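Single-structure report; data block below.
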Amino acid sequence: MAGFLSALRRIYLSLYNWTVFIGWFQVLYFAVKALREGGPTTVYDAVEKPLQLAQTAAVLEVLVFILCHEDTAWDCRIGEIASVSDFASNWIEIISCLGNLVEHSGGNPYTIRGHMFLLAPWLSAGLLQRLEFFWQSIIRYSFFGMKEALGFAPSWLLWLRYSTFLILYPTGITSEVGLIYVALPFIKASEKYCIRMPNKWNFTFDYFYASIIALAIYVPGMFLMLLIIQVNKDCLPNCFNHISSGSPHMYGYMLGQRKKALSKSKTA
Amino acid sequence: MKVTLVSRSGREVIKGGIELADGATVSDLQEAIHGRIKKYYPSRQRLTLPLQAGSQGKPIVLVPKSKLADYCDGNANNLTVLFKDLGIQVSYSTLFFWEYLGPLIIYPICYYFPVYKYFGYEGERVVYPVQTYALYYWCFHYFKRIMETFFIHRFSHATSPLSNVFRNCAYYWTFGTYIAYHVNHPLYTPVGDLQMKIGFTFGLICQISNLYCHLILRNLRSPSGNGGYQIPGGFLFNIVTCANYTTEIYQWLGFNIATQTIAGYVFLIVASLIMTNWALAKHRRLKKLFDGKEGRPRYPRRWVILPPFI
Chain A
110 MAGFLSALRR IYLSLYNWTV FIGWFQVLYF AVKALREGGP TTVYDAVEKP
160 LQLAQTAAVL EVLVFILCHE DTAWDCRIGE IASVSDFASN WIEIISCLGN
210 LVEHSGGNPY TIRGHMFLLA PWLSAGLLQR LEFFWQSIIR YSFFGMKEAL
260 GFAPSWLLWL RYSTFLILYP TGITSEVGLI YVALPFIKAS EKYCIRMPNK
310 WNFTFDYFYA SIIALAIYVP GMFLMLLIIQ VNKDCLPNCF NHISSGSPHM
360 YGYMLGQRKK ALSKSKTA
Chain B
243 MKVTLVSRSG REVIKGGIEL ADGATVSDLQ EAIHGRIKKY YPSRQRLTLP
293 LQAGSQGKPI VLVPKSKLAD YCDGNANNLT VLFKDLGIQV SYSTLFFWEY
343 LGPLIIYPIC YYFPVYKYFG YEGERVVYPV QTYALYYWCF HYFKRIMETF
393 FIHRFSHATS PLSNVFRNCA YYWTFGTYIA YHVNHPLYTP VGDLQMKIGF
443 TFGLICQISN LYCHLILRNL RSPSGNGGYQ IPGGFLFNIV TCANYTTEIY
493 QWLGFNIATQ TIAGYVFLIV ASLIMTNWAL AKHRRLKKLF DGKEGRPRYP
543 RRWVILPPFI
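Line order of the protein sequences matches chains A and B. For what it's worth, my numbering labels the leading residue of the first sequence as 110, then goes sequentially. For what it's worth, my numbering labels the leading residue of the second sequence as 243, then goes sequentially.
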């Protein structure tokens with residue numbers, strides 16, 4: 110019975126990872142295609158639906174965690190929490206911020222010149238961030254898809270997983286924060302997702318102020334996560350085998366893991 | 243006897259170890275360490291026996307009043323002790339005082355001062371009776387908590403890490419502000435009169451019950467702080483292990499019934515989850531300790547915190 114369940118789990122995990130990989134790859138494909146054919150301003154329209162779908166599917170990550178985590182300690186759940194928060198923030202951003210931004214600026218958020226956006230992330234924060242996230246997800250999911258289904262992952266993929274983040278995490282965070290910042294005036298003007306008083310339950314929600322708080326928490330929050338991970342270092346090797354988290358916020362953690370994983374693969 | 247003090251990485255904390263009399267207690271060891279390394283006062287030291295390689299279990303913590311010889315198995319002249327620095331410690335009273343002070347000050351500020359004009363709400367605001375009663379209720383609650391901290395509670399641990407001050411204050415002060423903002427808002431919508439009365443009356447009864455629960459718990463512990471566990475009994479403790487948490491949760495429920503804000507209910511849920519966590523641990527600990535063997539009484543069947551759910 111236990112054997113059957115564990116096989117079932119492996120099948121689910123590999124199916125899940127491959128499906129998500131294909132989903133993100135599709136987004137990347139449409140993005141690049143639109144970029145080449147119509148220029149940066151057409152990218153969002155081309156990817157909007159598949160992007161929202163792929164990002165929302167990340168909610169299934171939660172199920173993945175449950176499957177993977179019966180045997181890890183509470184401290185290791187920090188990785189889960191980081192991933193879930195990562196998912197939540199990305200989802201919120203994609204669904205709301207980016208959409209808002211595009212909607213209110215007529216589909217042309219900022220002037221972008223061809224390939225310049227690769228060099229100037231703050232100009233095309235939204236686009237670049239999406240591109241990077243796709244790439245990371247693709248790498249991440251294909252890595253885990255292979256690991257689960259075949260029991261191993263090729264060393265080049267391993268290298269990719271642990272090395273691409275070196276550039277992508279910092280630019281990713283910069284562009285996420287930049288995106289929220291740039292979207293702020295539009296958020297304030299549109300009053301979207303706001304709940305005002307008076308109402309029966311005396312509840313308010315102001316998307317503008319919530320975004321500002323998000324900005325304030327974002328970077329320190331990332332460092333706080335890093336700190337907590339560092340403190341709970343001992344349980345990390347165990348964690349890592351199970352978590353499919355590649356949260357963009359754990360730069361230092363990934364660096365450490367990189368050293369460990371790449372040296373391990375050398376001696377293996 | 244000689245005590246070798248090592249850190250978890252294997253490094254010797256005090257070179258050459260510490261020499262102590264054969265009949266020395268752990269407390270003597272702690273004082274000796276503090277004497278050698280000034281910054282490690284006793285409450286900052288966590289002393290455990292080294293875990294045997296490969297064994298899982300929890301490490302054995304050295305209890306201050308015990309004799310060192312009790313922890314030596316075999317070799318009565320040498321003992322290796324694992325040392326961990328717990329970081330800067332503050333007394334629990336200090337911790338509780340600061341975390342409760344925030345809500346006690348912030349709430350009246352939102353009630354009395356024109357803070358809402360900074361959020362764009364100009365002009366006079368109408369203050370409903372329920373908002374005034376809520377102010378009294380809230381302030382009474384946190385005042386009561388501070389008084390209990392200084393005069394009633396007997397803490398099992400003398401101290402808590404400094405980082406907890408920041409964490410706990412963030413929790414209480416943020417939620418305090420969140421709730422205070424909504425209840426004292428110029429556009430606040432009060433509930434009906436009957437609902438308000440029911441809410442506050444129920445809440446007040448629970449607050450007083452909570453106080454009584456704390457008095458019962460206090461009497462379980464001797465003033466010298468032996469820290470031994472006893473089976474709580476009397477009043478609601480006959481039915482539920484953590485009756486103090488139960489009454490606390492219900493008194494917040496009373497407040498929320500009377501004031502009806504999402505903010506208040508969110509706080510209630512979070513607080514309940516935290517307290518349930520604590521209650522489960524306590525219940526488990528008491529059941530494990532009072533297993534009915536070797537003359538110890540058996541822990542009776544009881545609800546943990548919130549009958550009939552858990």
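Just so it is clear, CB atoms sit at the ideal spot from N, CA and C, and this is done for glycine as well. None of these values were measured; they are calculated from a predicted model.
Residue i at chain B interface by Cβ criterion, 9 angstroms
i, result
"Lys297/A", "no"
"Lys309/A", "yes"
"Phe99/A", "Residue 99/A lies beyond the range of chain A shown here (110 to 377); nothing can be said about it."
"Ala116/A", "no"
"Ile187/A", "With a pLDDT of 45 at Ile187/A, under the threshold of 50, the modelled position of that residue is not reliable, and the figure given next carries that caveat. For Ile187/A, the answer is no, since every Cβ of chain B falls outside 9 angstroms of its Cβ."
"Asp184/A", "Below a pLDDT of 50, predicted positions are generally treated as unreliable, and Asp184/A, at 38, falls in that range; the measurement from the model is reported next regardless. No, Asp184/A does not count as interfacial toward chain B."
"Thr181/A", "Caution is warranted here: a pLDDT of 40 is assigned to Thr181/A, below 50, making its placement in the model unreliable, and no coordinate value can be reported."
Residue-chain proximity (residue i, chain A), Cβ-Cβ < 9 angstroms
i, result
"Gln502/B", "yes"
"Ala505/B", "yes"
"Gly252/B", "no"
"Gly445/B", "no"
Other residues of its chain near residue i: CB distance less than 7 angstroms, five sequence neighbours each side excluded
i, result
"Tyr379/B", "Phe442, Gly445, Phe497"
"Phe392/B", "Ser335"
"Ser476/B", "Strictly speaking, residue 476/B in this sequence is Gly, with Ser absent from that position. The answer, listed in chain order, is Ile458."
"Gln472/B", "Leu462"
"Thr582/B", "A question about residue 582/B goes unanswered here, because the residues of chain B that appear run from 243 up to 552."
"Ala505/B", "Tyr420, Ile421, His424"
"Cys448/B", "Thr489, Tyr492, Gln493, Gly496"
Same chain only: Cβ atoms within 8 angstroms of residue i, ignoring 5 sequence neighbours per side
i, result
"Thr518/B", "Tyr487, Val546, Ile547, Leu548, Ile552"
"Arg460/B", "Ile394, His395, Arg396"
"Lys297/A", "Phe317"
"Ile256/B", "Leu247, Ile275, Arg278, Ile279"
"Ile491/B", "Leu510, Ala513, Ser514, Met517, Ile547, Leu548"
"Arg382/B", "Sequence check: residue 382/B is Phe here, not Arg. Closer than 8 angstroms at Cβ, skipping near neighbours: Gln449."
Spatial neighbours of residue i in its chain, beta-carbon cut-off 6 angstroms, leaving aside the 5 residues before and after
i, result
"Leu293/B", "Pro301"
"Asn480/B", "none"
"Glu390/B", "His456"
"Trp215/B", "Residue 215/B is absent from the structure shown; chain B starts at 243 and stops at 552."
"Leu228/A", "At Leu228/A the pLDDT is 25, less than 50, meaning the model places this residue with poor confidence; the figure from the coordinates comes in the next sentence. Correct list: empty, nothing qualifies."
"Ala266/B", "Leu310"
"Arg145/A", "none"
"Arg387/B", "Tyr342"
"Phe113/A", "none"
**Asked** Taking any Cβ of chain A, which residues in the segment 408 to 434 of chain B have a Cβ under 8 angstroms from it, in chain order?
**Response** His424, Val425, His427, Leu429, Tyr430, Thr431
**Message:** With three or more beta-carbon pairs closer than 8 angstroms as the criterion, would you say the segment 270 to 285 of chain B touches the segment 343 to 361 of chain B?
**Reply:** no
**Asked** Should the segment 317 to 331 of chain A be called in touch with the segment 435 to 446 of chain B, which here means at least 3 C-beta pairs below 8 angstroms?
**Response** no
**Message:** Report the start-end ranges of each alpha helix (DSSP H) in the segment 246 to 290 of chain B that is 4 residues or longer and not cut off at the edges.
**Reply:** 268 to 278
**Message:** Count Cβ pairs between the segment 353 to 364 of chain B and the segment 397 to 405 of chain B that sit closer than 8 angstroms; are there 3 or more?
**Reply:** no
**Request:** Could I get the ranges of all uninterrupted alpha helix (DSSP H) runs contained in the segment 473 to 504 of chain B, with 4 residues as the minimum, in chain order?
**Result:** 485 to 501
**Message:** Under 8 angstroms, with one C-beta from each stretch per pair, do the segment 506 to 518 of chain B and the segment 527 to 535 of chain B reach the 3-pair mark?
**Reply:** no
**Item:** Length-filtered (3 minimum) beta strand (DSSP E) runs lying within the segment 334 to 417 of chain B
**Value:** 401 to 403
**Message:** Contact between the segment 246 to 266 of chain B and the segment 321 to 338 of chain B is defined here as three or more beta-carbon pairs at a separation below 8 angstroms; is this criterion met?
**Reply:** yes
**Message:** Three Cβ pairs or more, each shorter than 8 angstroms: is that satisfied between the segment 332 to 347 of chain B and the segment 252 to 260 of chain B?
**Reply:** no
**Message:** Count Cβ pairs between the segment 297 to 310 of chain A and the segment 423 to 432 of chain B that sit closer than 8 angstroms; are there 3 or more?
**Reply:** yes
**Prompt:** Unbroken alpha helix (DSSP H) runs of length 4 or more, entirely within the segment 421 to 465 of chain B: which are they?
**Reply:** 435 to 462
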